[in-house]
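Protein chains in written order, with this note's numbering: chain A, 1 to 522; chain B, 1001 to 1522.
2 protein chains.
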Amino acid sequence: MINNLLINFAHEHKKVVPISLFVAVLCLCLVIGHLLEENRWVNESIVAILVGCIAGSILLLVTKGKSSHILTFDEELFFIYLLPPIIFNAGFQVKKKQFFHNFLTIMMFGVIGVFISTSIITGGSWWLFPKLNFLGLSARDYLAIGTIFSSTDTVCTLQVLHQDETPLLYSIVFGEGVVNDATSVVLFNAVQKLDVSRLSGRAFRVLGDFLYLFSSSTALGVLTGLLTAYILKALSFGRHSSVREISLMMLMAYLSYMLAELLELSGILTVFFCGILMSHYAWHNVTEISRITTRHVFATISFIAETFIFLYVGMDALDIEKWRMTKLSSGSLMGIYGCLILLILVGRAAFVFPLSAFANSMMSRRAESGSSITFKHQIIIWWAGLMRGAVSIALAFKQFTFSGVTSDPVNATMITNTIIVVLFTTLVFGFLTKPLIRYMLPHNNGTRRNTNHEAAGTPGEDLNLPLLSFEESAATNISRAKESLSMFIGSPAYTIHHYWRKFDDAYMRPLFGGPHHNRSRC
Amino acid sequence: MINNLLINFAHEHKKVVPISLFVAVLCLCLVIGHLLEENRWVNESIVAILVGCIAGSILLLVTKGKSSHILTFDEELFFIYLLPPIIFNAGFQVKKKQFFHNFLTIMMFGVIGVFISTSIITGGSWWLFPKLNFLGLSARDYLAIGTIFSSTDTVCTLQVLHQDETPLLYSIVFGEGVVNDATSVVLFNAVQKLDVSRLSGRAFRVLGDFLYLFSSSTALGVLTGLLTAYILKALSFGRHSSVREISLMMLMAYLSYMLAELLELSGILTVFFCGILMSHYAWHNVTEISRITTRHVFATISFIAETFIFLYVGMDALDIEKWRMTKLSSGSLMGIYGCLILLILVGRAAFVFPLSAFANSMMSRRAESGSSITFKHQIIIWWAGLMRGAVSIALAFKQFTFSGVTSDPVNATMITNTIIVVLFTTLVFGFLTKPLIRYMLPHNNGTRRNTNHEAAGTPGEDLNLPLLSFEESAATNISRAKESLSMFIGSPAYTIHHYWRKFDDAYMRPLFGGPHHNRSRC
C-alpha cells in the first residue's frame, strides 16, 4: 500500500510521503526509547539506530529491494538544520562553572587530543589500507579519514554518568565531546583547503588556519551572544510578550551559526559559544516563562535532531546500492573495519592517558589534589570517546559523495566503512557502556567525596545557574549553600576564573544582564 | 559587499546566504515590531510587510535591479512548513468554551460565508475583467480567483480586540478566521479537481466533495489528538523527561497534517482539530514544565512563520520581473485592483449582515438575548475579514505559477494583482482597524455587560483552561468562581454543549486525560 502511495503521489507530493513516514518512525522511536529507558543495556542512540534498521528492512521489502531509506542523505540538511540546534543546546545547557573550571583540561583533550588521534588514524590507515588491497585514496582522503574518525559521540556515555555524582568526569566527558566535534570539523575544513601537492612544511599552515578559525569563530559567537543579551535587556521585551523574546533568542542563535558559515568560520564553535553566552547573560533578561520555555525547547529540538540522525544512520546501513558498488572481497572489508576500529582504540588511548597524567601533574602543582583524574576515570574518558556518530557520518558524506550520491567504488566503500564503524561502535561499545560504568563507579561510593570538592570549587554561581526543574533547585540549593560556606572559610582558590568572575560582576553583568554573585557583595 | 558574497558563495553555500539574510531581517522585524507596539496605527503584519519592502528595495539596489527577494517563493515551503504551525497554534490556543459555544455561528460565517463570497467574486470578476481588457483566464481560473480572495486574514483585527472585553465578538472573528482559511483551501482544492468542461449540474458534486473533505479531515485530526493524549497518559512520559513529551506533541501535530495531505484531505482542518484535542486532553497529561513550554513554543513558531510570510510578501511586491511581464496598461491594472477590492467589500457584506441577522433570530429563539450580534459588532466582523493575507498569496502562487515561476503574462498579472490586493488591504484597511475599533467600541463601556453574560455561559471549564501566565490565572480565577456560582443558581442553559460536557466528563476525560469539571461532581 505504501508502495502505491509512493507512486501515486510521487509527482504531486514529493516531500509529503517521506516526511510523513520519517515523522511516524520518529514518534515510534520516542515511544520505544521511553519504554526501554530502564533497560540496562540500550540507550537512545542504540534504539534509534535499531528502529532505523528495522524501518529500512521493511522499506526494502516493500519497495522490493529498491531503496532502504526515506530521505536521501543531504549534508546540507545536516549542517544547516540538524547540527546547529544540537551544538547550541550543548552550549546552552553546559554547567558553565564546571566547564570553565576544567577549561584547560577540556581544551587539551578536545584540541590536542584530536590532533594526536587524527595523525595516528591517518598514518595507520595510510600504512594499512594498501596492505588490505584497498587502493585509490588520495593523500587528502587519508587526512580526511583521520578527522572523520576522530570526532566522538559522547551522548551515550553522558546518559549513564551523573553530573552530581562525578562532576569532574562528567564535565570533562561533556566538554571534550563538544570541543572535539568542533575541532574535528574545523580540522576537516582546514585539511580541505590544504594544497596537498605542496605538503612539505605546510603542517604549520594547518595549525595557523586552525588557530585563526578557532579564535575568530569563538569571538563571533561571543559577540552574537552579547548582542542578544544587550537587545533583550535594553528593550525588555517581556513587558509585552514572551513570544518575541523566545523568537529572538532562537533566531539570533541560528543567525550566529549562519554568519559563521557565511564568513567561512566554524559554525559549530560559534553557536556553542553563543549558547554559553546566552545562558549566562541573555537568559537572565527574559521572563520566567521564557526561561522555562527556552531551556526545554532547545533541549527538545536537539533531542529530535539527534534521534533523526541516528534513525537515518540505521536506515542507510541497509542501502544495498552502496554495498554492491564495493569491489573488495568480504575478507578485506572485514580487515578494513577491524583496522579502523583498532586505530580508533589506539588513537584515543594515545592521548587520553598521557594527557591525563599531564593534567594531574598540573593540578597537583596547583595544590588541588582531590580533583585529579584517577585511573578509573581515565578508562571511562577513553571509553566515552570510542563511539562515532553523526558528525563522522556527515563529514564522510561531505568528503566521499556529491550531494549524498556516489558512483565511485572507492568512495562508496569509504561511506559503508564509516557507517559500519558508527554502527559497530555505537551498538557494541554503547551496549557495554552502562555495565562498564556501573562496574567502575559503583553508585554513592568513593566518588561522592569528589563531589563536595568539585562543587565547592567556585560557589555562588550555582545559585544563578538556570534551574533544571522546579523541585531539583530547591533541594540542591540548600546543600550548595552549605558547601559554599565551608569552601569560603577554607581555600578561596585564586585562579584566572576568580578574576574573570570579578570582571563579570563589575562590568559584564550590569551591561548584559544576569544576577550578581553574593560573594562579590561580601 | 553582499553582492560579492552572493557571487563567491553561490555554488558552495547556496542556502547559507539567503537564510542568513532572511533570519537577520526577521530579527530586525521583531525589534521594530516591538518598538512600534504602542503605536496606534501599525500592527505586526504591517511592520513585516514594510520591512520586507525596504529590504526588497535595498536588495534591488545592491543587485542592480536583478532581484528583490532572497528566497524564491515555494508553495511547498508554505504548505509544508509555515502553514501547519500557524493553524495548529490557532487550534491549540483557541478558547474552547467560547469556540464551541458559538460553534454554529462560527461555522455559518466560515463555511456558508466563503461559498457566498466565492460566488460573488467569481461572478463579478467573470463579468468585469473582460470589460477591462483583461482576457485569457479560464473558467477554472475564475473559480480559483473566487476562493483566493475569499480567504481572510484576521490577525490584524485580533491584535486590537480584547478577548475579555468582547468575548462573543472575539470568538466569532477568531473562529471565523480559522474556519474560513480551512474552507477556502478545501474549496480551492475541490475546484481544482472539478472537470470544468462538464460544469452543468456539478455544483452538487463540489458540495459533496467539500462535505467529505470537511468531515474526514476533522475526524483524522480528532483521532490523532486522542491518540496523542492516550499515549501520553498511558506511558506517563513525564516521570523521566519532559523533552520526550514535548517532542511527541510536536511530532504528532505535524504528523496529523502530513497524513491529511497524504490522504488528500485538508491538512489545515486536521491540524486545527488536532490542536483543539491536544489542548483539551493531551495537554493535561504532561508535566507543568511541558505545559508552559508547549504553550509558548507553539505560539513562538506560529509567530515566526507569520512574520516570515508577511516579510516575503513585502519583498515580492518589488519583483520587477513580474511587473514587466504584464501587458496591460496601468489604467486597466488600476481598474482590476479597484474591481477586486470592491468585490471583496461586497462579497463580505453580502453574507456578514444577512447571516448575523439569521444568527440573532436563532439566538433570540434560544432566549439568550444578551448574546446577540449588535450592528456595531456586525460592522467589525465585516471589517475584520477584509484583510487578505498569506493563504491568498499561497493559493495564487499555486494556481498561477509553476514552483513560483511563471512566464505567461496573464498569470503574472494575476500574481501581481494578488500581491497588490494583499498589500492594499493589509496596509490601508489594517491601518484603519485600530481607530475604527476604538471608535466603535470605547473601552470598558457597554461591552462590559456582555462579558459577564458570555463568561457565565459554561463555567468550570475556564478553571481547567491552559493558563496564559502565572499572575493572570490567580487573579481571574476568583472572579470566575464568583461568576460561575451566580450562573449556576440562575439558568443552567441546557444545550448540546451541556450534554457534550457530561459525556466528556463521564467517558472521555477518564480515558484521555484532563481534570474533571466541578459541576459534574455536584
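Note that CB positions come from ideal geometry on N, CA and C, so glycine has one too.
From a predicted model like this one, the values you see are computed outputs, not experimental measurements.
Next on the checklist: Strictly below 9 Å CB to CB, what residues from chain B border H284 of chain A?
Outcome noted: On the first sequence, position 284 is the one that residue 284 of chain A refers to. Ordered by position in chain B, no residue passes the 9 Å Cβ test against H284 of chain A, which lies about 18 Å from the chain.
Checklist entry - L1255 of chain B: buried (16+ other C-beta within 10 angstroms of its C-beta) or exposed? => result As a working mapping, residue 1255 of chain B is identified with position 255 in the second sequence. By the neighbour-count criterion, in which 16 or more other beta carbons inside 10 Å mark a residue as buried, L1255 of chain B falls on the buried side.
Checklist entry - Name the DSSP bridge partner or partners of F273 of chain A? => result The residue you call residue 273 of chain A lines up with position 273 of the first sequence. The bridge partners DSSP lists for F273 of chain A come to none.
Next on the checklist: Taking the straight line between their C-alpha atoms, what separation do you get for I1086 of chain B and L1158 of chain B?
Outcome noted: Within the second sequence, the letter at position 86 stands for residue 1086 of chain B. Within the second sequence, the letter at position 158 stands for residue 1158 of chain B. The alpha-carbon of I1086 of chain B is positioned some 14 Å away from that of L1158 of chain B.
Item to check | Status (buried if at least 16 other CB within 10 Å, exposed otherwise) for N133 of chain A | outcome: The sequence position of residue 133 of chain A within the first sequence is 133, counting from 1. Under this definition N133 of chain A is an exposed residue.
Checklist entry - Under the rule that 16 or more other beta-carbon atoms within 10 Å means buried, what is P1510 of chain B, buried or exposed? => result Numbered from 1 along the second sequence, position 510 holds the residue referred to as residue 1510 of chain B. Flag for P1510 of chain B reads exposed.
Next on the checklist: Could you give the first and the last residue of the continuous alpha helix (DSSP H) run that contains Y1257 of chain B?
Outcome noted: In the second sequence, counting from the first residue as 1, residue 1257 of chain B sits at position 257. Counting along the chain, the alpha helix (DSSP H) containing Y1257 of chain B begins and ends at S1242 to L1262.
Next on the checklist: For S1242 of chain B and P1515 of chain B, I'd like the C-alpha separation in whole angstroms.
Outcome noted: As a first step, residue 1242 of chain B must be located in the second sequence, where it is residue number 242. As a first step, residue 1515 of chain B must be located in the second sequence, where it is residue number 515. A straight-line Cα-Cα distance of about 20 Å links S1242 of chain B and P1515 of chain B.
Item to check | For F1129 of chain B and G1136 of chain B, the rounded distance between their alpha carbons | outcome: In the second sequence, counting from the first residue as 1, residue 1136 of chain B sits at position 136. In the second sequence, counting from the first residue as 1, residue 1129 of chain B sits at position 129. Taking the Cα positions, G1136 of chain B is about 10 Å away from F1129 of chain B.
Checklist entry - Comparing the C-beta of I1304 of chain B with each C-beta of chain A, is any distance below 8 Å? => result Here residue 1304 of chain B is taken as the residue at index 304 of the second sequence, counted from 1. I1304 of chain B counts as touching chain A.
Checklist entry - Can you name the start and end residues of the alpha helix (DSSP H) that Q163 of chain A belongs to? => result Your numbering for residue 163 of chain A matches position 163 in the first sequence. Element bounds for Q163 of chain A: n/a, residue is neither H nor E.
Checklist entry - Can you tell me whether V346 of chain A is buried or exposed, with buried defined as 16 or more other CB within 10 angstroms of its CB? => result Numbered from 1 along the first sequence, position 346 holds the residue referred to as residue 346 of chain A. The Cβ neighbour count for V346 of chain A, taken over all protein chains shown within 10 Å, is under 16; the residue is labelled exposed.
Checklist entry - For the candidate residues B:S1266, B:S1329 and B:V1391, whose alpha-carbon lies nearest to that of Y1312 of chain B? => result Locating residue 1312 of chain B in the second sequence gives position 312, counting from the first residue. Between Y1312 of chain B and the set B:S1266, B:S1329 and B:V1391, the nearest pair of CA atoms involves B:V1391.
Next on the checklist: Rounded to the nearest angstrom, what separates T1293 of chain B and I1246 of chain B at their Cα positions?
Outcome noted: Walking along the second sequence from the start, residue 1293 of chain B turns up at place 293. Walking along the second sequence from the start, residue 1246 of chain B turns up at place 246. If you draw a straight line from the Cα of T1293 of chain B to the Cα of I1246 of chain B, it is about 8 Å long.
Checklist entry - List, in order along the chain, the chain B residues whose C-beta lies closer than 8 Å to that of M252 of chain A? => result Counting from one through the first sequence, the residue named residue 252 of chain A turns up at place 252. Per Cβ cutoff of 8 Å: C1027.
Checklist entry - Can a CB atom of chain B be found closer than 8 Å to the CB of I379 of chain A? => result Locating residue 379 of chain A in the first sequence gives position 379, where the first residue counts as 1. Among the residues facing chain B, I379 of chain A is not included, as its CB has no counterpart in that chain under 8 Å away.
Item to check | Candidates B:A1048, B:Y1499 and B:D1164: closest to G1430 of chain B by CA position | outcome: Numbered from its first residue, the second sequence carries residue 1430 of chain B at position 430. Cα-wise, what sits closest to G1430 of chain B is B:A1048.
Item to check | Bounding residues of the alpha helix (DSSP H) (the contiguous stretch that carries H34 of chain A) | outcome: Along the first sequence, read from residue 1 onward, the residue named residue 34 of chain A stands at position 34. Element bounds for H34 of chain A: V16 to L35.
Checklist entry - Could you give the C-beta distance for I1172 of chain B and N1102 of chain B, rounded to a whole number, given that I count them as a contact under 8 Å? => result As a first step, residue 1172 of chain B must be located in the second sequence, where it is residue number 172. As a first step, residue 1102 of chain B must be located in the second sequence, where it is residue number 102. Yes, they are in contact, since the Cβ atoms of I1172 of chain B and N1102 of chain B sit about 6 Å apart, within 8 Å.
Next on the checklist: As a quick exercise: from A:K15, A:F22 and A:F272, pick the residue whose alpha carbon is nearest that of T307 of chain A.
Outcome noted: Stepping through the first sequence from its first residue, residue 307 of chain A is reached at position 307. When the alpha-carbon of T307 of chain A is set against those of A:K15, A:F22 and A:F272, the nearest one is in A:F22.
Checklist entry - Taking Cβ-Cβ distances shorter than 7 Å, what residues in chain A pair up with A1024 of chain B? => result As a working mapping, residue 1024 of chain B is identified with position 24 in the second sequence. Ordered by position in chain A, the residues that pass the 7 Å Cβ test against A1024 of chain B are L255.
Checklist entry - Name the chain B residues whose beta carbon is nearer than 7 Å to that of R244 of chain A? => result Locating residue 244 of chain A in the first sequence gives position 244, counting from the first residue. Those are L1030 and H1034, listed as they occur along chain B.
Item to check | Residues near T1418 of chain B in its chain [Cβ-Cβ closer than 7 Å; skip 5 each side] | outcome: Position 418 of the second sequence holds residue 1418 of chain B. So the list reads I1148, S1392, I1393 and A1396, once near-sequence residues are dropped.
Checklist entry - Are the CB atoms of V422 of chain A and G389 of chain A nearer to each other than 8 Å? => result Numbered from 1 along the first sequence, position 422 holds the residue referred to as residue 422 of chain A. Numbered from 1 along the first sequence, position 389 holds the residue referred to as residue 389 of chain A. Yes.
Checklist entry - Hey, does M258 of chain A have any beta-carbon neighbour from chain B nearer than 8 Å? => result Reading the first sequence from its first residue, position 258 is the one you call residue 258 of chain A. The beta-carbon of M258 of chain A is placed less than 8 Å from the nearest beta-carbon of chain B.
Item to check | Coil, strand or helix - F1512 of chain B by DSSP | outcome: Locating residue 1512 of chain B in the second sequence gives position 512, counting from the first residue. Of the three classes helix, strand and coil, the one that applies to F1512 of chain B here is helix, per DSSP.
Checklist entry - If we ignore side chains and look at the alpha-carbon of each, how far apart do G1225 of chain B and T1270 of chain B end up? => result Indexing the second sequence from 1 puts residue 1225 of chain B at position 225. Indexing the second sequence from 1 puts residue 1270 of chain B at position 270. In a straight line, the C-alpha of G1225 of chain B is about 9 Å away from that of T1270 of chain B.
Checklist entry - Along chain A, which residues have their Cβ under 8 Å away from the Cβ of L1235 of chain B? => result Position 235 of the second sequence, counted from the start, is the residue given in the question as residue 1235 of chain B. The answer, in chain order, is V31, H34 and L35.
Item to check | Simplified DSSP assignment, three categories, for V1094 of chain B | outcome: In the second sequence, counting from the first residue as 1, residue 1094 of chain B sits at position 94. Note: V1094 of chain B maps to coil in three-state DSSP.
Next on the checklist: Just checking: is the beta-carbon of S1045 of chain B within a distance shorter than 8 Å of some beta-carbon in chain A?
Outcome noted: To locate residue 1045 of chain B, count along the second sequence from 1; it is residue 45. No - not a single Cβ of chain A is within 8 Å of the one on S1045 of chain B.
Item to check | Members of the segment 1144–1176 of chain B near chain A, C-beta cut-off 7 Å | outcome: So nothing in the stretch comes that close.
Checklist entry - Leaving out five residues before and five after Y507 of chain A in sequence, what residues of the same chain have Cβ atoms less than 7 Å from its Cβ? => result As a working note, residue 507 of chain A is residue 507 in the first sequence. The answer is none, since no qualifying residue turns up.
Next on the checklist: Just checking: is the beta-carbon of L1465 of chain B within a distance shorter than 8 Å of some beta-carbon in chain A?
Outcome noted: Translated into the one-based positions of the second sequence, residue 1465 of chain B becomes position 465. Note that L1465 of chain B scores 39 on pLDDT, short of 50, meaning its location in the model is unreliable; the coordinates nonetheless yield the value given after this. Not one chain A Cβ lies under 8 Å of L1465 of chain B.
Checklist entry - Which of the three DSSP states, helix, strand or coil, is assigned to A506 of chain A? => result On the first sequence, position 506 is the one that residue 506 of chain A refers to. In this structure, A506 of chain A counts as helix in the three-state DSSP scheme.
Item to check | Backbone CA spacing between V42 of chain A and H34 of chain A [nearest angstrom] | outcome: On the first sequence, position 42 is the one that residue 42 of chain A refers to. On the first sequence, position 34 is the one that residue 34 of chain A refers to. Rounded to whole angstroms, the gap between the alpha carbons of V42 of chain A and H34 of chain A is 11 Å.
Next on the checklist: Please classify T118 of chain A as buried or exposed, where buried requires at least 16 neighbouring CB atoms within 10 angstroms.
Outcome noted: Your numbering for residue 118 of chain A matches position 118 in the first sequence. Buried, because 16 or more other Cβ atoms sit within 10 Å of the Cβ of T118 of chain A.
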